[in-house]
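Heads up: the sequence lines are chains A and B, in that order.
Using this note's numbering, the first residue of the first sequence is number 792, and each one after it goes up by one.
Using this note's numbering, the first residue of the second sequence is number 792, and each one after it goes up by one.
A virtual CB, placed ideally from N, CA and C, is assigned to each residue, including glycine.
Data first, discussion second: the structure below is written as structure tokens.
Number of protein chains: 2
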Amino acid sequence: MRLQPIDLQKIKIQDPFWTKHVKLVGEAIIPYQWDAMNDRIPDAEPSHCLENFAVAAGRKKGEFYGAVFQDTDIAKWLEAVGFSLAAEKNPELEKTADEVIDLIAEAQQEDGYLDTYFIIKEPDKRWKNLREGHELYTAGHMMEAATAYYQGTGKKKFLGVVEKLADLLCDTFGSEDGKIHGYPGHQEVEIGLIKLFQVTGKRKYLDLAKYFIDARGTGENYFLQEISRGDSGNIFPELSDYRPEYSQSDRPVREQEAAEGHAVRAVYMYSAMADLAYEYQDEELMAACKRLWNNIVQRQMYITGGIGASGILERFTVDYDLPNDCNYAESCASIGLAMFGIRMANITKDASYIDTVERALYNTVLAGIALDGKSFFYVNPLEVWPDNCMERTSKEHVKPTRQKWFGVACCPPNIARILASMGQYIYSVGETALYVHLFISNEVCIEMETGEVKVSLETKFPFENLVRIKVSHVPDGGMTLAVRIPEYAGMYQMTAKGQLLEYKEEKGYAYLALAQDADISISFEAPAKFVRANPKVRADCGKTAVVKGPLVYCLEEIDNGKNLAELYVDTEKEIQEVPSELFGGITELVLQGKRMEESAWDEKVLYGEHPVKLSDVTLKAIPYAYWNNRGMGEMAVWVKELISG
Amino acid sequence: MRLQPIDLQKIKIQDPFWTKHVKLVGEAIIPYQWDAMNDRIPDAEPSHCLENFAVAAGRKKGEFYGAVFQDTDIAKWLEAVGFSLAAEKNPELEKTADEVIDLIAEAQQEDGYLDTYFIIKEPDKRWKNLREGHELYTAGHMMEAATAYYQGTGKKKFLGVVEKLADLLCDTFGSEDGKIHGYPGHQEVEIGLIKLFQVTGKRKYLDLAKYFIDARGTGENYFLQEISRGDSGNIFPELSDYRPEYSQSDRPVREQEAAEGHAVRAVYMYSAMADLAYEYQDEELMAACKRLWNNIVQRQMYITGGIGASGILERFTVDYDLPNDCNYAESCASIGLAMFGIRMANITKDASYIDTVERALYNTVLAGIALDGKSFFYVNPLEVWPDNCMERTSKEHVKPTRQKWFGVACCPPNIARILASMGQYIYSVGETALYVHLFISNEVCIEMETGEVKVSLETKFPFENLVRIKVSHVPDGGMTLAVRIPEYAGMYQMTAKGQLLEYKEEKGYAYLALAQDADISISFEAPAKFVRANPKVRADCGKTAVVKGPLVYCLEEIDNGKNLAELYVDTEKEIQEVPSELFGGITELVLQGKRMEESAWDEKVLYGEHPVKLSDVTLKAIPYAYWNNRGMGEMAVWVKELISG
């Protein structure tokens, strides 16, 4: 049996590290995104998202405005609202959301169709351009939103809307004669259909998700067929020369050896594949999931959990190609990686998946949003020199500072929904076992088959590595507590009442049998340390990064001066961990190193025989998650190290 | 008085280093490009260039095919043919060229207009889209070709064609009422008009060139006006959001502080500015030329003489932004830099300009063409890992191997014309002085005001630094020999009959008065050495390059194994200079260094605490000019150096 997610209504997160982020969902992101969708953010690109629904519903006259997938902004917002209402009631917000759902329901067509771009702008192109049209992608987000909203509020109206939409999809797509033998250009509907199945129990939704995955990349490529039919149009100029590998449709998913193409599409698809592999006990599909996961984490992932090395087409490139200053590493791609990872962990009960989920969450996902919740990174470079991040150059996509809101706004609401669903990354539930994946303070009631268990977790992780877990209402017959042993943890110990406890270790979890209520302390060592990349990663050769537990650190110009490329770290010297009040309280890391002196260089000389002159410097590193929260400047994760030979 | 170019008919180049390149013009490039323009190269993109002229001339029915500036292929070819015929008669080639000129003359319109794209495809758009239409750019290349052809053959027909075209331009453009107050989107016609003035003596051509330069960037931007008029169309999608700095038209040229925008446009414009500054004794314009030159060579030039740091829009970015693996550094831009530099040297008699010209010629220009003359680089990276130079990624523009022929084929014929006109880079002529800029073996007759002087220059430079110059027919009253002292030269000596000669040194030239015929030997030291970049060049911090004289060296995978990023050079150890038979005879450089060992790394581990393990390696470097002549592989100019602190 796969592990199950917890009910988000039953968990209260109150954590010294995470609360400031999680509370942004309700206090900043949801209201800010609401303003954005209503075009009320000064100096930001208009969204027009609600306007489009009003036009589609016939409430207003007007044109469609925005990207072909503009509807997903509202879906992701409603999904975040659903998660948020699960955590905390908010009648005013719920009322607003209910009104939006009424609007969506009004915009839905008689037959269940729901996509304002095609309803308003190109009604005759419905389902004709699956590779670019994003109708199925949008449908998937609607389904995810409706299930979250149902789970957060118990209200079924939105669920009804998406069931009608899903029924239309079931009637429209499939292998049967008369149906469209196609699949989505941007995967996502598979996840939505699976969630809808999980909530409604209607197997046909699961079967349709399986159809989309099974059909993908088989026979003559569906998207190339579409193009050769000639009536599908071309929405994105950069896709006029369509390559099926871009959308992971160049071969059947079971034959895919390495992650390739658009990174978000890839990980959304892999997430669905994991669910389906479990639901249908499909070992071949599971093997593909493991292979693709391993390819990513062993060869194509940044140390920050970012994926997608190429700015152009936001895609994977080749193994070990991980440039730091011109990559994409979209926030949404890391969110997708976390979604894929939690599914794999729940299926395999292997904590190594969580090591990567944690890496993505503590670094790229958090870096994607400012500490005030009002500006966002799409692209997450590991090295920035703001001067050369210029418009209309090869670094145009790299923004040296977070942006207010994007016309194409997938990342901000995606960050909101993952922050709002953190509880399901902290715990999973087995038949008689409670799995603790992440160390985030909370109180939770867990529904286990044997009864409801109350758990309180208290920690100052990641800056202190002591976790106290109190379990009460342990059912008769006992239960098992399975606590993750992170890959970076040394001296892992479990104690109760000062006594060392024996635990069984399996695939990265410490299994502890509890016969009765308990108060367990878990401690481990996770000192700051220097890490290096596999030398096959050419971009990082000769460099080191400094990490502490799951946190990757970086140097910023504000702490270390201009031109971080001149710096060398002395990895023979100790890293000092220094408590700091910055960013609500962190551990800063202080390093010793050298700086190449510019003094020898006349400003008229570009190349010369000048010897390298070094001077001692003390360097300060802060968590990558918090970079660019103190103004714009240079930043680097990987720094050269002194290598004497 | 400015120095003058020599007559190419009077020079015979026979040089151990250069002859193999120069002879490619006649033996390979000109015939190969002829085949290309006739669409006879298998597997290469068709050019259709001659076909377009046949259609425009009414000899054939058909459509225009190719880029809007496709005509320039034929112009650059004819220019190279002109230079080549100056060097060596070739009746068959001349006959072919005459037929092409007949075709061009037939395609020319009654009023002098000549541009097959607009004649065939958009006759109503003539002069309406100066920013993208390339009509003036094409006209400029026609003028350059016609003057070269006239100088190479004495034939005036082509000159007549372009005079008629130039007359049309004079009637069409200018500050007077009723004329178009515009200027070219891609500068080049200015150079063409100036050359036409120099050959015909017609001052109005010079004045029109001055008009184009003076009008540029003044008042309301002409190109933005064009766009707002709404009838100019949009040829290049990437220019739909037009930024005037792209074409150096955001402000008057005299106010431009730094090189910016499209690199080829920039240096073509600066070349014309230098000519005009001299012709009109315009000190302000000359100051702008010096400022822009200095900005390039002190802040925006690769060590190879490449310019243009951004792949997107092939442009300059900001000072010190010189990435090695994703740059553009177009061959044509380095050719333009050489054109600009020789003009500045001729005006200022300052040899430092030639140091840069030589850098561009010996490195980027030569690298632009394969040793067999049949394949070409547009883009000249300083670091290549072929695996990640993938289509449809951020490195799509970087080709790890030379390409056969390009649909947009500016570089190959541009390389041909500069190789064919090398004589004018070797020498310039003053009133009573002969300037020797470059050390390339040749025999030449120089027309000086005081009579014809015969010179023979013999050298094995750049691999040996001994230059023997025999001067005969020294006129009564004597003459001056001014021989460049390269910036890299040590122990510079001039001797005759074993006796050290006294020379006067001024701005990088050794001035030697000759009263009679002489046999002078010049020797200097230019051992291989390590150089570094100004630390403001972030991409090169911690790295070294190895050079010998004007040659920049590089490491290739074929000599040094896979993954050049793992290598460190020990700059404390000596560089060995080793003669080699490779590439027709070179000096290889052998370096000592270390390689990071991969053996410690499990292929499943991407990040870890593994210590850096180094092993000794001996490295071999070859001239950058010759990289990728032994198959595809990694290449790097800048290599990490061991820095112990």
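**Message:** Let's see if you can read the secondary structure: which residues bound the beta strand (DSSP E) around Asp1407/B?
**Reply:** Leu1405 to Pro1414
**Message:** Just checking: is the beta-carbon of Gln1016/B within a distance shorter than 8 Å of some beta-carbon in chain A?
**Reply:** no
**Message:** Residues in the same chain with beta-carbon distance under 8 Å from Tyr904/A, minus the five sequence neighbours each way, listed in chain order, please.
**Reply:** Ile910, Arg917, Leu956 and Leu959
**Prompt:** Ends of the beta strand (DSSP E) at Val1220/B?
**Reply:** Tyr1218 to Val1220
**Message:** Cβ closer than 9 Å: which chain B residues qualify as neighbours of Pro1028/A?
**Reply:** Pro1028
**Asked** Mind checking if Ala1356/B is an interface residue toward chain A, Cβ cutoff 8 Å exclusive?
**Response** yes
**Request:** Could you check if Phe988/B is buried or exposed, using at least 16 other CB atoms within 10 Å of its CB as the buried criterion?
**Result:** buried
**Message:** By the DSSP assignment, the alpha helix (DSSP H) with Asn1086/A in it spans what residues?
**Reply:** Glu1074 to Asn1086
**Prompt:** Taking C-beta to C-beta, are Tyr1359/A and Ala1412/A nearer than 8 Å?
**Reply:** no
**Asked** How about Ala1151/A and Leu1128/A: are their beta carbons less than 8 Å apart?
**Response** yes
**Request:** Give me the Cα-Cα distance between Ile1018/A and Leu921/A, rounded to the nearest whole angstrom.
**Result:** 10 Å
**Start and end residues, alpha helix (DSSP H) containing Gln1383/B** = Run containing Gln1383/B: none in the alpha helix (DSSP H); it sits in the beta strand (DSSP E), Ile1377 to Met1387.
**Prompt:** For Thr1095/A, which three-state DSSP category applies?
**Reply:** coil
**Prompt:** Taking C-alpha atoms, which residue in Gln1383/A, Glu1240/A and Leu894/A lies nearest to Asp1267/A?
**Reply:** Glu1240/A
**Prompt:** Alpha carbon to alpha carbon, what distance is there between Lys851/B and Glu897/B?
**Reply:** 12 Å
**Item:** Buried versus exposed call for Arg1106/B [16 or more other C-beta atoms within 10 Å across all chains shown]
**Value:** buried
**Prompt:** Does DSSP classify Lys947/B as helix, strand or coil?
**Reply:** coil
**Local conformation of Arg993/B per DSSP, three classes** = This sequence places Lys at residue 993/B; Arg is not what is there. If DSSP states are grouped into helix, strand and coil, Lys993/B belongs with coil.
**Interface partners of Ser1435/B on chain A, CB under 8 Å** = Leu1433, Ile1434, Ser1435 and Gly1436
**Asked** Enumerated in chain order, which unbroken segments of the alpha helix (DSSP H) with a length of 4 residues or greater are wholly contained in the segment 1333-1360 of chain B?
**Response** 1348-1351
**Request:** Return the first residue and the last residue of the alpha helix (DSSP H) that Asn843/B is part of.
**Result:** Cys840 to Ala847
**Request:** Can you tell me the Cβ-Cβ gap for Asp1146/A and Lys1298/A, rounded? I've got them flagged as a contact below 8 Å.
**Result:** Not quite, the Cβ-Cβ distance comes to about 11 Å (not below 8 Å), so this is no contact.
**Item:** Per-residue contacts from Asn1179/A into chain B (C-beta, under 7 Å)
**Value:** Thr1108, Val1109 and Asp1112
**Message:** Please state the DSSP three-state secondary structure of Lys1261/B.
**Reply:** strand
**Asked** For Pro823/B, which of Gly1333/B, Glu1278/B, Lys1195/B and Ser1101/B has the nearest alpha-carbon?
**Response** Strictly speaking, residue 823/B in this sequence is Tyr, with Pro absent from that position. Cα-wise, what sits closest to Tyr823/B is Lys1195/B.
**DSSP state of Lys811/A mapped onto helix, strand, coil** = helix
**Item:** Cα-Cα separation, Val1328/B to Leu1380/A
**Value:** 27 Å
**Item:** Closer than 8 Å at the beta carbon, the chain B residues around Phe1321/A
**Value:** Glu1400
**Item:** Pro1370/A, enclosing beta strand (DSSP E) - first and last residue
**Value:** Gln1367 to Ser1371
**Asked** Could you give the residue range of the alpha helix (DSSP H) that holds Asp1146/B?
**Response** Ser1143 to Arg1150
**Prompt:** Looking at the C-beta of Arg1193/B, does it have a partner C-beta in chain A at a distance below 8 Å?
**Reply:** no
**Asked** In three-state terms, what does DSSP make of Glu870/A?
**Response** helix
**Item:** Nearest-angstrom Cβ-Cβ length linking Val1235/A and Lys801/A, presumed shorter than 8 Å
**Value:** 6 Å
**Asked** In or out: Lys1186/A buried (at least 16 other Cβ within 10 Å) or exposed?
**Response** buried
**Request:** Please report how far the alpha carbon of Thr1184/A lies from the alpha carbon of Ile797/A, in whole angstroms.
**Result:** 46 Å
**Item:** Within 8 Å, strictly: CB atoms of Tyr1417/A and Leu1229/A
**Value:** no
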